[in-house]
Each structure stands twice: as C-alpha cells, then as structure tokens.
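Participant: Using my numbering, read the sequence shown as starting at 1 and increasing by one per residue. Cβ atoms here follow ideal geometry from the backbone N, Cα and C, with glycine treated the same way. These numbers come from a predicted model, not from an experiment.
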Amino acid sequence: MIERRALRIAVLVSGRGSNLQALIDAMQAGELPIEIVVVASNRIAAEALRRAEAAGIATFALDPAGYADRLDYDREFLTRVAGYAPDLVVLAGFMRVIDRTALSPWVGRMINVHPSLLPKYTGLKTHARALAAGDARHGASVHYVTAELDGGPVIAQIDLAIEASDTPESLATRLLSLEHRLLRQCV
Ligand code: GAR
C-alpha cells in the first residue's frame, strides 16, 4: 500500500505574513496536503510569527546582528530550518538575499513569491515601477530560488490589468489576493 503523507513545508518570512496566512488557511481547511513544520524569520518583530504561533506552528527568529557576515548568518539560519526536515522551503515575503554558498543545497527545493511579472522588476518597489513604465498589466510570479536575485526559473504567474486610477498602494492591494491564490496553487 502506498502511504500518503503531507508535504513538509518551512515558510521563511520577514513581515506581515499574509501569504503565510493563505497557506495556513488552506492547510487548516484541508485544501492542501501540507504540514507547515516551521515559520522562520530574520525579523523578531515580524507579524507573520504571531500568525504562526496562533496556528500552533513552531517558529524561530534569528537576528542577523551579531553574525560575522552573510554566509555565517545564512548557514546558521538554514541549518536550523533543516532541523525541521522540510520537503519544500517557501519564501513568503522573506526580504533577504541568501548567500549563494548557504543556498546551494536548497536549490530546487526552495520557492519564492515575487510581486512582478518576472523577468520584469526584480528587487523592490515593483508596483511603482510597473506604473512608471506605463505597463498595461502587472502581476506576481512564483519561482525557484537561485543565487541570482529573483532570477530563478518561473513556475507560474498571475496577472491583472492596471487601471488609470491605480496607485502603487491600490495595485499592491489588488495583486495581493492574487498572490495568495498563485502561491497556494504552486505549493
Ligand atoms: C508580498 O507582496 C510578496 O510578494 C513580497 O512581499 C510581500 C509580502 O507580503 N515579496 C517580495 O517582494 C520578495 N522579493 P506578506 O508578508 O503579507 O506575505
């Protein structure tokens, strides 16, 4: 008999955690065969940690201050993540570039949600940049994480029409619920 088990997921966060919440909700509703085994943050004050605690999920936060360099910190951070034996690591608003040496064992098992139609607008302020460029459409991507910032192979994208009245904030708000759907589907 084939025994089916939930996919073990680690979610890496830095802030609000609405994408994390979308995964928690899908897990709790039985809509996704996943088990979120840990939520890990580089920011101790991240609201996402509170969301995980409320759902009874293990968490840890590691402050980068006090580590000699990026590699030192990232190694320690990812070693702790590895302790939870995840099958997949999901970066959901994790606003840190991971050192390429620390990252290399995870390539192919780590995905990221990014608020642009990659390869357009890697990095920050993606909504403002899409507006400034006069784009007709904007969107979000889920991609495999590689050492190149927001540059790994795209798994799937979701898009929406930019309206004349859009501001970076309105665009971000409308895109966010689409991000949640995209991330759930990709996971
Ligand atoms: C999301 O819009 C996500 O796509 C973006 O940060 C936000 C996190 O929101 N990620 C990046 O820009 C990564 N390059 P959340 O904490 O509410 O999920």
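Is the distance from the Cβ of R8 to the Cβ of D87 below 8 Å?
Facilitator: yes
Participant: In or out: D63 buried (at least 16 other Cβ within 10 Å) or exposed?
Facilitator: exposed
Participant: Let me confirm a value: A54 is counted as buried when at least 16 other C-beta atoms fall within 10 Å, else exposed. Which label applies?
Facilitator: Exposed, by the Cβ-count rule.
Participant: Using the C-alpha atoms, what's the distance from H138 back to K120?
Facilitator: 10 Å
Participant: How would you call T101, buried or exposed, if buried means at least 16 neighbouring beta carbons within 10 angstroms?
Facilitator: Note on T101: under 16 other CB atoms within 10 angstroms of its CB, so exposed under the neighbour-count rule.
Participant: Between A46 and S14, is the Cβ-Cβ spacing less than 8 Å?
Facilitator: The answer is yes: Cβ separation under 8 Å.
Participant: With DSSP collapsed to three states, give me the class of I24.
Facilitator: helix
Participant: Would you mind working out which of P168, P115, P105 sits nearest I158, comparing C-alpha positions?
Facilitator: P115
Participant: Report the residue from S141, V145, R4 whose alpha carbon sits nearest the alpha carbon of R181.
Facilitator: S141
Participant: Select from P153, L103, V145, I44 the residue whose C-alpha is nearest the C-alpha of L188.
Facilitator: The chain is shown from 1 up to 187; residue 188 falls before or after that span and cannot be answered.
Participant: Do V145 and G152 have their CB atoms nearer than 8 Å?
Facilitator: yes
Participant: So if DSSP puts L91 in a beta bridge, which residue, or which two residues, is it bridged to?
Facilitator: L12, N112
Participant: Where DSSP assigns a beta bridge to T59, which residues make up the other side?
Facilitator: V39
Participant: Compute the Euclidean distance between the alpha carbons of I57 and L160, then round it to the nearest angstrom.
Facilitator: 33 Å
Participant: By alpha-carbon positions, which one of A48, D166, L118 ends up nearest to L12?
Facilitator: A48
Participant: D166: beta carbon under 7 Å from a heavy atom of ligand 1?
Facilitator: No, ligand 1 has no heavy atom inside 7 Å of this Cβ.
Participant: From P33, A10, L20, Q21, pick the residue whose C-alpha is nearest to that of E188; which is it?
Facilitator: Residue 188 is absent from the model: the chain starts at 1 and stops at 187.
Participant: Following a CB-centred definition, is M95 positioned closer than 7 Å to any heavy atom of ligand 1?
Facilitator: yes
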